[in-house]
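Protein chains in written order, with our numbering: chain A, -2 to 285; chain B, 21 to 335. From the three backbone atoms N, C-alpha and C, an ideal C-beta is built for every residue, glycine too. Reviewing the structure listed below.
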């Protein structure tokens, strides 16, 4: 029983971070119909941002988030404006291949400048975990969980209560109708891509103290990310949140009750099953 | 006549290097280029003609490589027969994959192939009884083969060069034949508009599954050659996502649905990549990414496709 509760807790903690990565991808897909294969590499950049802020300036990774999130937001908008905008009219496969190129470029420039060494951030408060009710909760993961919830809440308030947020949702529902209502779809796309990149960067910063860092980590993250957004339905923000938590649970429970070696396989099998039998996601809210 | 001359030029260019040089680096580069030509051309059969962007071709490569290694290590089957067996096993593996993934269209198909490839990689990593897990499989000596009076020298790179040159040419020939065949026309119709293709009576699933099988066969041969040449395989070497992605890049940068495109893509990207790797060790895929972005932006038909168009316009 204790093992079960323990794996549910760690599943939810990791899942909240997966959810954040998934939300970034799904918002971008909703507005622009781009499956951004470089999304995992943006998370990787966030992770390295936290690492270097800690290594060079002795900045706590969770404090460095205030630096990297705005930077990734602006960077994402620039990537959209100067790289992606011209590609989007060429169709979904072209943008898929283009972002595959971008992904390889980012990962290999990182490999070239930072080498392939595995790195970790050593935090003094990471050594002894909290033990509420006998369940081990690593402190960095707990902080990341709280921040992930706050950021996701802020995002939902932004999307539902503010004008740009409403414009993003409108464009996601129907770009032509949104344009007819006077929404500048180009600007909304740029804003959305910035938002998606900022979320990826934030997730990277939050994940950095709990994972090994290496330049090609994005490859694994993006694969997980697809599982998440497809589970929840591509384009749906609540779906991505649920999908993220679900994947976290599947992985941690799978590791205990199925096999550690095959825990990643379970996610992909579910992914295929959902794509084949429930292409609009488990909750039937996405658009495919 | 010009076609015969062109074929002759290509043959000479492809077969001459081992006669001219015995420099190990150049021959290794040549072998690498030809292996990637084979892989780019194999991927191109499905990706270029049918427009089905697979991100999972490493599966067939890895299956081919492991089949060759396992048959040699356990049954003593010589690797050159093992390569063919590897191609055939890759075909068998491709059938269920095709039947599952081809139910999906466009980017969804691409994502599903990626998921399948990751599942296969994880299985290869964990099924230690068959694959020896992450430790991998190693061939220490290759069987002795008589060539006239003496035996083939497996320590030299020349025999490997000729084997992979033959395989690369076979894949190009297959591309050429496909472009002339009825199946090739079906595939172009599918690429342009799948619903329309279906409505004029093309069995699109059959056409795609057949093409995937053909593509898997050549990719599996390439995997078998990899095992024979490097004499060592492990899951990270023959099943990674990066391998699938590199095949896509070579075909797209060279020119989709063309015979020469994958050659150009392989010569261009592999040469840059290998020189970069020789000099800096890591990050050799920087230029793959960069050229992919430039090609999609400015030359959507690829280097060869773009060159051909500008010649046609000048005439």
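Indicate whether at least one CB of chain B lies closer than 8 Å to the CB of residue i.
i                      : result
residue 223 of chain A : yes
residue 112 of chain A : yes
residue 266 of chain A : yes
residue 216 of chain A : yes
residue 99 of chain A  : yes
residue 14 of chain A  : no
residue 95 of chain A  : yes
residue 105 of chain A : yes
residue 102 of chain A : yes
residue 259 of chain A : yes
Would you call the CB atoms of residue i and residue j closer than 8 Å?
i                      : j                      : result
residue 244 of chain A : residue 12 of chain A  : yes
residue 62 of chain A  : residue 199 of chain A : yes
residue 203 of chain A : residue 141 of chain A : yes
residue 300 of chain B : residue 307 of chain B : no
residue 37 of chain A  : residue 236 of chain A : no
residue -1 of chain A  : residue 193 of chain A : no
residue 87 of chain B  : residue 98 of chain B  : no
residue 235 of chain B : residue 63 of chain B  : yes
residue 69 of chain A  : residue 187 of chain A : no
residue 156 of chain B : residue 252 of chain B : yes
residue 225 of chain A : residue 19 of chain A  : yes
residue 102 of chain A : residue 309 of chain B : yes
I need the straight-line Cα distance from residue i to residue j, nearest angstrom please.
i                      : j                      : result
residue 230 of chain B : residue 128 of chain B : 20 Å
residue 114 of chain A : residue 211 of chain A : 6 Å
residue 147 of chain B : residue 255 of chain B : 11 Å
residue 61 of chain B  : residue 193 of chain B : 10 Å
residue 284 of chain A : residue 224 of chain B : Legend: pLDDT at residue 284 of chain A = 47, less than 50; position of this residue unreliable, value from coordinates given subsequently. Roughly 24 Å separates the two Cα atoms.
residue 266 of chain A : residue 330 of chain B : 46 Å
residue 5 of chain A   : residue 139 of chain A : 14 Å
residue 133 of chain B : residue 292 of chain B : 28 Å
residue 207 of chain A : residue 22 of chain A  : 22 Å
residue 122 of chain A : residue 116 of chain A : 18 Å
residue 238 of chain B : residue 188 of chain B : 9 Å
residue 191 of chain B : residue 110 of chain B : 15 Å
residue 82 of chain B  : residue 114 of chain B : 12 Å
Thinking C-alpha only, which one of the options is nearest residue i?
i                      : options                    : result
residue 30 of chain B  : B:279, B:319, B:334, B:299 : B:279
residue 182 of chain A : A:166, A:246, A:197        : A:166
residue 227 of chain B : B:39, B:71, B:287          : B:71
residue 64 of chain A  : A:79, A:78, A:48           : A:48
residue 263 of chain B : B:290, B:39, B:203, B:222  : B:290
residue 153 of chain A : A:139, A:24, A:76, A:214   : A:24
residue 130 of chain B : A:208, A:275, A:268, A:279 : A:268
residue 107 of chain A : B:149, B:303, B:100        : B:303
residue 23 of chain B  : B:136, B:196, B:285        : B:196
residue 26 of chain A  : A:266, A:213, A:190        : A:190
residue 203 of chain B : B:38, B:65, B:260          : B:65
residue 316 of chain B : A:155, A:98, A:109         : A:98
residue 75 of chain B  : B:58, B:33, B:275, B:269   : B:269
residue 184 of chain B : B:54, B:335, B:243         : B:54
residue 326 of chain B : B:335, B:158, B:275        : B:275
residue 246 of chain B : B:188, B:170, B:235, B:85  : B:85
Chain A beta carbons: is any one of them nearer than 8 Å to that of residue i?
i                      : result
residue 62 of chain B  : no
residue 272 of chain B : yes
residue 300 of chain B : yes
residue 289 of chain B : no
residue 336 of chain B : Since the displayed chain B opens at 21 and closes at 335, residue 336 of chain B lies outside it and no answer follows.
residue 308 of chain B : yes
residue 218 of chain B : no
residue 321 of chain B : no
residue 126 of chain B : yes
residue 132 of chain B : yes
residue 284 of chain B : no
residue 295 of chain B : no
residue 135 of chain B : yes
Given that a residue counts as buried once 16 or more other Cβ atoms are within 10 Å of its Cβ, and exposed if not, what is residue i?
i                      : result
residue 154 of chain B : exposed
residue 79 of chain B  : buried
residue 43 of chain B  : exposed
residue 170 of chain A : exposed
residue 35 of chain A  : buried
residue 298 of chain A : The first residue shown for chain A is -2 and the last is 285, placing residue 298 of chain A beyond what the model contains.
residue 178 of chain A : exposed
residue 145 of chain B : buried
residue 139 of chain B : buried
residue 53 of chain A  : exposed
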